[in-house]
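Residue numbers (my numbering): 116 to 310. Heads up, the beta-carbon is just placed ideally off N, CA and C, and yes, glycines get one too. Model, not experiment: these values are computed from the prediction. Taking it in order: structure first as structure tokens, then the write-up.
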Amino acid sequence: MNVKKRRLIKLLVAILLAGSVYITFLHTKIHTFSHREVLKEADYLIILGARVKGNVPSLALQYRIDEAANYLKENPMTIVIVSGGKGPGEDITEAAAMQTELIAQGIDTSRIILEDQSTTTDENIKYSKQLIPADKEKGLLVTNDFHIYRAVKIAEQYDLDIGGIPAKTPGVIIFKTYVREYMAITKFYLWSLFR
116 MNVKKRRLIK LLVAILLAGS VYITFLHTKI HTFSHREVLK EADYLIILGA RVKGNVPSLA
176 LQYRIDEAAN YLKENPMTIV IVSGGKGPGE DITEAAAMQT ELIAQGIDTS RIILEDQSTT
236 TDENIKYSKQ LIPADKEKGL LVTNDFHIYR AVKIAEQYDL DIGGIPAKTP GVIIFKTYVR
296 EYMAITKFYL WSLFR
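Written out as structure tokens, the structure is:
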């Protein structure tokens with residue numbers, strides 16, 4: 116084997132090792148943030164939007180709604196901001212779909228605030244922040260477990276000291292969502308450097 120080939124192999128091995136270390140770092144962050152203790156008696160929740168199929172929440176979004184509904188039933192003074200606009204293939208906004216499902220689970224409409232313009236996690240948090248009543252300080256983001264870390268870090272960029280309620284991730288999309296999340300976190304890191 117000539118010198119050039121040996122150098123190439125060493126370079127590829129170094130890249131693979133560095134990539135493995137980086138993915139392990141990201142996965143550890145995701146795991147740690149999704150297993151933090153959930154704040155009791157929060158003033159408000161923000162449910163982050165996810166895909167709606169026509170007017171029916173995707174399974175990932177339904178898990179978020181269910182977790183939020185359970186928390187709201189146990190904490191009757193907590194209000195909720197449902198956050199998500201209308202994307203391709205959606206007949207209604209994600210916020211409207213969440214509102215309908217929460218009402219069906221017994222949550223009073225007076226406790227639900229709609230944010231129906233956002234199309235990204237960043238916008239979910241940015242626009243929802245504008246709707247948080249002035250007297251509400253302690254908050255929680257409701258999203259799938261893989262998404263808690265990035266969502267909380269984005270919220271920090273908007274001066275929100277907020278925790279998370281992790282909803283489970285549907286088994287059939289775990290691999291795809293984690294790969295996408297690793298890329299999204301990397302993009303967030305790069306964006307933060309130049310903000």
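TODO: Would you mind stating whether residue 159 and residue 215 have Cβ atoms separated by less than 8 Å?
DONE: Along the sequence shown, read from residue 1 onward, the residue named residue 159 stands at position 44. Along the sequence shown, read from residue 1 onward, the residue named residue 215 stands at position 100. Between residue 159 and residue 215, the C-beta gap is not smaller than 8 Å, which leaves the two residues out of contact.
Open item on the list: One question on the structure: do residue 285 and residue 154 come within less than 8 Å of each other, judged by their Cβ atoms?
Closed with: One-based indexing of the sequence shown puts residue 285 at position 170. One-based indexing of the sequence shown puts residue 154 at position 39. No, these two residues do not count as a Cβ contact at 8 Å.
Task: For residue 200, three-class secondary structure by DSSP - done: As a working mapping, residue 200 is identified with position 85 in the sequence shown. The answer is coil: DSSP assigns residue 200 none of H, G, I, E or B.
- [ ] With a floor of 4 residues, list each alpha helix (DSSP H) that falls wholly inside the stretch 175–251, ordered by position along the chain.
- [x] Every alpha helix (DSSP H) of 4 residues or more that sits fully in the stretch 175–251 is shown, in chain order, as 209–219, 236–244.
TODO: Pull up the CB-CB distance for residue 256 and residue 161, whole angstroms please, since I reckon it's below 8 Å.
DONE: To locate residue 256, count along the sequence shown from 1; it is residue 141. To locate residue 161, count along the sequence shown from 1; it is residue 46. The pair is a contact, with the Cβ atoms about 5 Å apart (cut-off 8 Å).
Task: Host alpha helix (DSSP H) of residue 257 (start-end) - done: By one-based count along the sequence shown, residue 257 stands at place 142. Note, residue 257: premise wrong, no alpha helix (DSSP H); beta strand (DSSP E) at 254–259.
Open item on the list: Quick check: what's the CA-CA separation for residue 219 versus residue 171?
Closed with: Taking the sequence shown and counting its residues from 1, one reaches residue 219 at position 104. Taking the sequence shown and counting its residues from 1, one reaches residue 171 at position 56. Near 13 Å, if we compare the C-alpha coordinates of residue 171 and residue 219.
- [ ] Could you have a look at residue 134 and say whether DSSP puts it in helix, strand or coil?
- [x] Start at 1 with the first residue of the sequence shown, and residue 134 comes out as number 19. DSSP places residue 134 within a helical segment (H, G or I) once states are collapsed to three.
Task: Proximal residues to residue 264 (C-beta, below 6 Å), its chain only, five neighbours per side dropped - done: Walking along the sequence shown from the start, residue 264 turns up at place 149. Hits under 6 Å: 144, 145, 148.
Task: Burial state of residue 119 (16 or more Cβ within 10 Å) - done: Numbered from its first residue, the sequence shown carries residue 119 at position 4. Residue 119 comes out exposed.
Open item on the list: Here's the rule: buried if 16 or more other CB atoms are within 10 angstroms of the residue's CB, otherwise exposed. What is residue 186?
Closed with: Working through the sequence shown from its first residue, we reach residue 186 at position 71. Residue 186 should be labelled buried.
Task: First and last residue of the uninterrupted beta strand (DSSP E) at residue 159 - done: The count along the sequence shown starts at 1 and reaches residue 159 at position 44. Taken as a continuous stretch (DSSP letters only), the beta strand (DSSP E) holding residue 159 covers 159–163.
- [ ] Check residue 168 in the structure and name its three-state DSSP category.
- [x] Counted from its first residue, the sequence shown places residue 168 at position 53. DSSP places residue 168 in strand when its eight states are reduced to three.
Task: Span separating the alpha-carbon of residue 203 from that of residue 298 - done: In the sequence shown, the residue the question calls residue 203 occupies position 88. In the sequence shown, the residue the question calls residue 298 occupies position 183. Cα to Cα, the separation comes out at about 22 Å.
Open item on the list: Beta-carbon within less than 7 Å of residue 184's beta-carbon, same chain only, minus the 5 sequence neighbours each way: which residues are those?
Closed with: For the purposes of this step, residue 184 is taken as residue 69 along the sequence shown, with counting starting at 1. Same-chain partners within the cutoff: 217, 220, 222.
Open item on the list: Closest to residue 191 by C-alpha separation, out of 279, 211, 224, would be which residue?
Closed with: Along the sequence shown, read from residue 1 onward, the residue named residue 191 stands at position 76. When each option's Cα is compared against that of residue 191, the closest is 224.
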